[in-house]
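A.B. asks:
Chains as they are written, first to last, in the working numbering: chain Z, 1 to 142; chain G, 143 to 369.
(1) With distances taken from CA atoms, which of G:290, G:208 and G:291 is nearest residue 364 (chain G)?
(2) Return the chain-ordered list of same chain residues with a C-beta closer than 7 Å to the C-beta of residue 119 (chain Z), the five sequence neighbours on each side being excluded.
(3) Take residue 90 (chain Z) and list the residues in its own chain whose beta-carbon comes closer than 7 Å to its own, dropping the five residues that flank it on each side.
(4) For residue 197 (chain G), which of helix, strand or coil comes out of DSSP?
(5) Between residue 242 (chain G) and residue 199 (chain G), how many whole angstroms is the CB-CB distance? I'm expecting something under 8 Å.
(6) When the cut-off is 8 Å and only beta carbons count, does residue 369 (chain G) lie next to chain Z?
(7) Using a Cβ-Cβ distance under 8 Å, would residue 202 (chain G) count as near chain Z?
(8) Assess, as a yes-or-no matter, whether the segment 165–172 of chain G is touched by the segment 37–45 of chain Z under the definition of 3 or more beta carbon pairs within less than 8 Å.
(9) Please give me, in chain order, every unbroken run of the beta strand (DSSP E) with length at least 3 that falls completely inside the segment 57–110 of chain Z.
(10) What's the call for residue 188 (chain G), buried or exposed, on a 16-neighbour Cβ count within 10 Å?
(11) Which residue from G:211, G:245, G:340 and G:151 puts its Cα closest to that of residue 394 (chain G)?
(12) Just confirm the distance between the C-beta atoms of residue 353 (chain G) and residue 229 (chain G), as a whole number of angstroms; I'd bet it's less than 8 Å.
(13) In angstroms with no decimal places, state the Cα-to-Cα distance between residue 236 (chain G) and residue 313 (chain G).
(14) Is there at least one Cβ from chain Z nearer than 8 Å to residue 269 (chain G)'s Cβ?
(15) Taking residue 10 (chain Z) as the query, report the chain G residues whose CB atoms sit under 7 Å from its CB, ordered along the chain.
(16) When you compare only the Cα positions, how much space is there between residue 114 (chain Z) and residue 34 (chain Z)?
(17) Is DSSP giving residue 350 (chain G) helix, strand or coil here?
(18) Determine, for residue 166 (chain G), whether the minimum Cβ-Cβ distance to residues of chain Z falls below 8 Å.
(19) When you check each C-beta in the segment 40–60 of chain Z against every C-beta of chain G, which residues fall closer than 7 Å?
(20) Please state if the CB of residue 203 (chain G) and the CB of residue 324 (chain G) are separated by a distance shorter than 8 Å.
(21) Whose CA, out of G:357, G:305, G:220 and G:149, lies closest to the CA of residue 44 (chain Z)?
(22) Have a look at Z:32, Z:132 and Z:26 and flag the residue whose alpha-carbon is nearest the alpha-carbon of residue 86 (chain Z).
(23) Nearest CA to the CA of residue 322 (chain G): which residue from G:301, G:343, G:294 and G:250?
(24) Between the alpha carbons of residue 75 (chain Z) and residue 3 (chain Z), how many angstroms are there, rounded?
(25) What does the Cβ neighbour count give for residue 359 (chain G), buried or exposed, with the cut at 16 atoms within 10 Å?
(26) Just mark residue 318 (chain G) as buried or exposed, buried being the case when its beta carbon has 16 or more other beta carbons within 10 Å.
(27) What's the C-alpha gap between residue 339 (chain G) and residue 11 (chain Z)?
(28) Does any C-beta atom of chain G lie closer than 8 Å to the C-beta of residue 16 (chain Z)?
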């Protein structure tokens with residue numbers, strides 16, 4: 001259960017971070033708390049949109065889905081399917097994060113600390129989902 | 143089983159607390175007040191724009207004019223103002239080949255853009271527009287990271303030798319809110335949707351520019367005379 005609980009907490013943290021970035025993007029928050037100023041550069045670049053959507057909004061939707069799946073996976077009698085779905089969704093998130101990190105490092109030449117935090121969170125959720133699956137498999141074998 | 147249930151109860155209590163704290167922080171960030179704010183979307187009065195068509199730099203006889211639509215809180219505008227403009231001034235504006243027109247285009251997502259534009263407008267009232275303009279751009283990393291940029295702009299005004307009594311009264315009254323709005327409206331009307339955007343002879347140029355690109359553009363519009 002500990003991995004599923006971790007996934008739920010991490011999804012909540014990711015939801016707040018992406019929500020914070022999205023509120024900034026729509027002008028509801030004055031400035032970003034970001035010592036280097038890189039967050040602004042990244043958030044205001046033309047790469048802050050993907051497929052017509054704000055990347056931060058994609059983050060909000062993605063983390064909201066992960067949070068919902070994590071809470072479902074914690075319900076008594078929940079099977080493997082929710083955690084498998086979390087692993088797949090977080091895996092897609094990790095690939096997307098790698099793409100965004102590439103943009104930050106090599107195209108925009110600025111690093112957003114909040115994006116790095118979100119990257120760490122999505123990797124951690126992915127790892128938690130994999131560890132949970134491995135433990136379930138071991139339990140079944142023994 | 144009972145231990146498991148107790149564990150789940152503790153989890154939900156901690157999860158609920160984290161959710162409430164997170165929502166509280168976001169709610170605070172979206173509602174915190176500023177000491178001075180310049181209203182957006184004000185109704186533009188004819189007196190707001192009478193005779194005003196942007197801040198000018200360069201000879202009135204220059205063969206080429208570039209209008210820049212920019213936002214004080216935009217990082218690309220900051221890089222352009224601090225790294226490229228000095229060369230453009232030296233090569234083109236000071237030599238009489240180019241006239242520069244600066245127009246405010248405060249983007250919605252920047253809460254301090256209008257305040258910055260208004261601070262520069264209040265400095266203009268005292269004949270020190272470009273000094274304040276440069277200070278605001280140079281200090282972007284400082285004030286953009288604060289919760290309230292007003293006191294930082296006031297410090298710049300003080301450093302620039304402005305009469306602070308007049309400056310404070312101008313800021314408090316939001317005297318140039320209409321002029322800033324008019325500038326933004328005009329930008330939207332000609333098709334500006336991002337910053338910085340340059341308007342040259344009715345054509346818009348968007349994105350990142352450097353002094354070499356601007357020199358090339360001016361050369362193409364008004365070739366240098368043979369010495």
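Cβ coordinates follow ideal geometry from the N, Cα and C atoms, glycine included.
C.D. replies: Concretely, from the data shown:
(1) Indexing the second chain from 1 puts residue 364 (chain G) at position 222. Of the residues G:290, G:208 and G:291, the one whose Cα lies closest to the Cα of residue 364 (chain G) is G:208.
(2) In the first chain, the residue the question calls residue 119 (chain Z) occupies position 119. Result list for residue 119 (chain Z): 97 and 101, in chain order.
(3) To locate residue 90 (chain Z), count along the first chain from 1; it is residue 90. Taking C-beta separations shorter than 7 Å and ignoring five residues to either side along the sequence, the partners of residue 90 (chain Z) in its chain run 66, 122, 125, 126 and 129, following chain order.
(4) Taking the first residue of the second chain as position 1, residue 197 (chain G) is located at position 55. Strand at residue 197 (chain G).
(5) Counting from 1 along the second chain, the entry for residue 242 (chain G) is found at position 100. Counting from 1 along the second chain, the entry for residue 199 (chain G) is found at position 57. That pair is a contact at about 4 Å.
(6) Within the second chain, numbered from 1, the residue matching residue 369 (chain G) stands at position 227. In this prediction, residue 369 (chain G) scores a pLDDT of 45, lower than 50, which makes its location untrustworthy; the coordinate-derived value is nonetheless stated afterwards. No, residue 369 (chain G) does not count as interfacial toward chain Z.
(7) By 1-based counting over the second chain, the position of residue 202 (chain G) is 60. Not one beta carbon of chain Z lies nearer than 8 Å to the beta carbon of residue 202 (chain G).
(8) Remark: fewer than three beta-carbon pairs, one from each stretch, lie closer than 8 Å, so the segment 37–45 of chain Z and the segment 165–172 of chain G are not flagged as touching.
(9) DSSP runs (the beta strand (DSSP E)) wholly in the segment 57–110 of chain Z: none.
(10) Here residue 188 (chain G) refers to the residue found at position 46 of the second chain. Its Cβ having fewer than 16 others within 10 Å, residue 188 (chain G) is exposed.
(11) Because chain G is modelled from 143 through 369, residue 394 (chain G) falls outside the range shown and cannot be assessed.
(12) Reading the second chain from its first residue, position 211 is the one you call residue 353 (chain G). Reading the second chain from its first residue, position 87 is the one you call residue 229 (chain G). Taking a contact as a CB-CB distance under 8 Å, the pair residue 353 (chain G) and residue 229 (chain G) counts as one, their CB atoms being some 4 Å apart.
(13) Reading the second chain from its first residue, position 94 is the one you call residue 236 (chain G). Reading the second chain from its first residue, position 171 is the one you call residue 313 (chain G). A straight-line Cα-Cα distance of about 32 Å links residue 236 (chain G) and residue 313 (chain G).
(14) Position 127 of the second chain, counted from the first residue, corresponds to residue 269 (chain G). Residue 269 (chain G) does not count as touching chain Z.
(15) Indexing the first chain from 1 puts residue 10 (chain Z) at position 10. The contacting residues do not exist; residue 10 (chain Z) stays about 11 Å from chain G at best.
(16) As a working note, residue 114 (chain Z) is residue 114 in the first chain. As a working note, residue 34 (chain Z) is residue 34 in the first chain. Distance from the CA atom of residue 114 (chain Z) to the CA atom of residue 34 (chain Z), rounded to whole angstroms, is 8 Å.
(17) Looking up residue 350 (chain G) in the second chain gives position 208. When DSSP states are grouped into helix, strand and coil, residue 350 (chain G) belongs to the coil group.
(18) As a position in the second chain, residue 166 (chain G) is number 24, starting the count at 1. Using a Cβ-Cβ cut-off of 8 Å, residue 166 (chain G) does not count as an interface residue toward chain Z, since no Cβ of chain Z sits closer than that to its own.
(19) Under the 7 Å Cβ criterion, the segment 40–60 of chain Z contributes 40, 41 and 44.
(20) By one-based count along the second chain, residue 324 (chain G) stands at place 182. By one-based count along the second chain, residue 203 (chain G) stands at place 61. With respect to residue 203 (chain G), residue 324 (chain G) sits apart: the two C-beta atoms are not nearer than 8 Å.
(21) Mapped onto the first chain, residue 44 (chain Z) falls at position 44. Ranking G:357, G:305, G:220 and G:149 by Cα distance to residue 44 (chain Z) puts G:220 first.
(22) Counting from one through the first chain, the residue named residue 86 (chain Z) turns up at place 86. Of Z:32, Z:132 and Z:26, the residue nearest in Cα terms is Z:132.
(23) The sequence position of residue 322 (chain G) within the second chain is 180, counting from 1. For the residues G:301, G:343, G:294 and G:250, the minimum Cα distance to residue 322 (chain G) belongs to G:250.
(24) To locate residue 75 (chain Z), count along the first chain from 1; it is residue 75. To locate residue 3 (chain Z), count along the first chain from 1; it is residue 3. Each residue's Cα considered, the two are about 14 Å apart.
(25) Residue numbering aside, residue 359 (chain G) sits at position 217 when the second chain is read from its first letter. It is buried - the Cβ of residue 359 (chain G) has at least 16 other Cβ atoms within 10 Å.
(26) By 1-based counting over the second chain, the position of residue 318 (chain G) is 176. Buried: at least 16 other Cβ atoms inside 10 Å.
(27) Indexing the second chain from 1 puts residue 339 (chain G) at position 197. Indexing the first chain from 1 puts residue 11 (chain Z) at position 11. Approximately 39 Å between the Cα atoms of the pair.
(28) Position 16 of the first chain, counting from 1, holds the residue named residue 16 (chain Z). Contact with chain G is found for residue 16 (chain Z), since one of that chain's Cβ atoms lies less than 8 Å from the residue's Cβ.
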